[in-house]
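Taking it in order: structure first as structure tokens, then the write-up.
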Amino acid sequence: MNYKFITEFSNALHTKKISSVELTRYFLDRIKKFDKQLNSFITVCEDEALKEAKKADELLAKGQAHALTGIPIAHKDIFCTQGIKTSCGSKMLDNFISPYDATVVKKFKEAGTVLLGKTNMDEFAMGSSNENSFYGPVKNPWDLSVVPGGSSGGSAAAVAAHLAPAATGTDTGGSIRQPAGLCGITGIKPTYGRVSRYGMIAFASSLDQGGPFARSAADVALLLNAMSGFDEHDSTSVNKVVPDYSSTLDQPLNGLRIGLPKEYFGKGLDPEISKLIHEAVEEFKKLGATIHEINLPNTELSIPAYYVVAPAECSSNLARFDGVRYGYRCDNPKDLEDLYKRSRSEGFGSEVKRRIMIGTYALSAGYYDAYYLKAQKIRCLIRNDFVEAFKKVDIILGPTSPTTAFKIGEKVDDPVSMYLSDIYTIAVNLAGLPGISIPAGFVNKLPVGMQLIANYFEEGRLLNVAHRFQTVTDWHTKIPEGF
Ligand code: GLN
């Protein structure tokens, strides 16, 4: 197969150079051949995928196809898929077959995509390395001894290794941008409320947002067109027209004001990464942008604030997994209390339990003001930093992560050092802003991600800036050796 990008596949499908059945077969074969090494899929939907591909070919033959008709896709196993196991990376939901489709899944079905399968992830999306999955760790295709990032590591690894041309993810504190960065692909976290959360299993509801992964900004634009929009099933989804993100990709960048936050280039950042990001900045200057130093003074408070807010919300959201209605139930409970206790003790992994305990503590009477309320106030300060910054600049640019992908096992016993790998991504969720990670080069053969952040609902601007960068660089075209 000589094509890499959805834009190319779509063109080949519409001009009948390939069929969706052929394309789907191609990716299913690659999953069979390579996924033993990566562990990026929890479920592969071979029969259903071939049926859907056949249907897509009929639509293509009738000339009733959209840009995404017949394009294979993988969904993070956090999105409910009717009739298909939806595990959220947890033993708790290992036996759960969803009775309905998440809105995102439904929208992709309506666009004619073909579901290849469900991707591996950190349990309940809690993690930065994909080592917290009940189904085992995912490996990074650039080096099988390092992590792909998390929590959407399965989606990122699958797209990076070309086992799927597109995948969905969710981002609560960085889980789309960080794995996109560490796997050398493009991933966007939209503005909070842009993409429906209905049927997306909740972790921290005021932070969670779904978004797509692909190899280029132009591909991501096509995917975001399909998945965005108001949904009456999600009370936090925003009723605002969705622009055609593909139509503004080529806008020139003359006069674009790019801000470099001082706090994103300080201690802790690998100097080699800093160098690559500054090289990228030079490209943007050539494209007509102006560069400004800015401050986001409350950046260092974002991790502590997040690790109060996110556990607090998760402790409440995960109370529904009680062994009664669905999911894992312990054997032979003595009484109701024993049923609750043992189902939750046996069904959840250790990181999830750690967060539930922290969150329950932070929300309990007497501690609420000291922790939760204080964290919410800090959240407001963090948001205000961005509001001030966007008075001066149009785009904020920096690294996605302070280091390249780390070794599997390196940080498992040190949760705080693991939490710090999200230092540049978490504030964006606390503020509800959109952010994208795009490939910006390699350090010691491992990919480096560059993050661009824009003002609310300016996903079109982000994709435009990312696309223009990808027209003058080729980092996004690389495929890991051996795949
Ligand atoms: N790594 C962060 C956490 O563990 C963010 C995860 C996410 O965005 N889902 O909470």
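Following this note's numbering, the residues of the sequence shown are numbered contiguously, the last one being 514.
Backbone N, C-alpha and C fix where the C-beta goes; we use that ideal spot for every residue, glycine too.
Every alpha helix (DSSP H) stretch that sits fully inside the region 42-77 and reaches 4 residues is listed by chain position as 51-69. When DSSP reads this structure, D174 sits in a beta bridge with N171. Here Q95 is exposed, its C-beta having fewer than 16 other C-beta atoms within 10 Å. H309: member of the alpha helix (DSSP H) spanning P302 to K317, first to last residue. Only residues of its own chain outside the window of five on either side were considered, and among them L99, K138, F139 and A142 have a CB closer than 7 Å to the CB of A257, listed in chain order.
With respect to I427, L332 sits apart: the two C-beta atoms are not nearer than 7 Å. Using a cutoff of 6 Å, the CB of A458 does not count as near the ligand GLN, since none of the ligand's heavy atoms is closer than that.
For K220, the enclosing beta strand (DSSP E) has its first and last residue at T217 to K220. Within the chosen limit of 6 Å, the ligand GLN does not reach the beta carbon of T434 with any heavy atom. Within the region 124-172, the runs of alpha helix (DSSP H) that reach at least 4 residues and sit entirely inside it are, in chain order, 134-141. Your pair F296 and G429 checks out as a contact, with CB atoms roughly 7 Å apart and the cut at 8 Å. By the criterion of a C-beta distance shorter than 8 Å, A80 is surrounded in its chain by T55, L59, P103, V145, L146, L147 and G148, once the five residues flanking it on both sides are discounted. If you ignore the 5 residues before and after S176, its C-beta comes within less than 7 Å of the C-beta of K438 and I439, all in its own chain and listed in chain order. Contact annotation, G101 with A92: C-beta distance approximately 11 Å; criterion of less than 8 Å not satisfied.
Annotation for G241 indicates a beta carbon at 6 Å or more from all heavy atoms of the ligand GLN. Annotation for E441: no beta strand (DSSP E) segment contains it, and DSSP assigns it neither H nor E. Rounded to the nearest angstrom, the gap between the Cα atoms of V447 and H498 is 35 Å.
If the five residues before and after A252 are omitted, its C-beta is found closer than 7 Å to the C-beta atoms of Y276, S277, L280 and L494, all from its own chain and listed in chain order. A check of alpha carbon separations from G167 across S182, D174 and W173 identifies S182 as the nearest. In the three-state reduction of the DSSP assignment, E263 falls in the coil class. Per DSSP, M449 is one residue of the alpha helix (DSSP H) stretching across P446 to L451.
DSSP places I427 in the uninterrupted beta strand (DSSP E) bounded by I426 to P430. Looking at the DSSP output, S395 shares a beta bridge with no other residue. Within the DSSP secondary-structure output, Q482 pairs in a beta bridge with G429 and S468. Relative to the ligand GLN, S236 has its C-beta separated by 6 Å or more from all heavy atoms.
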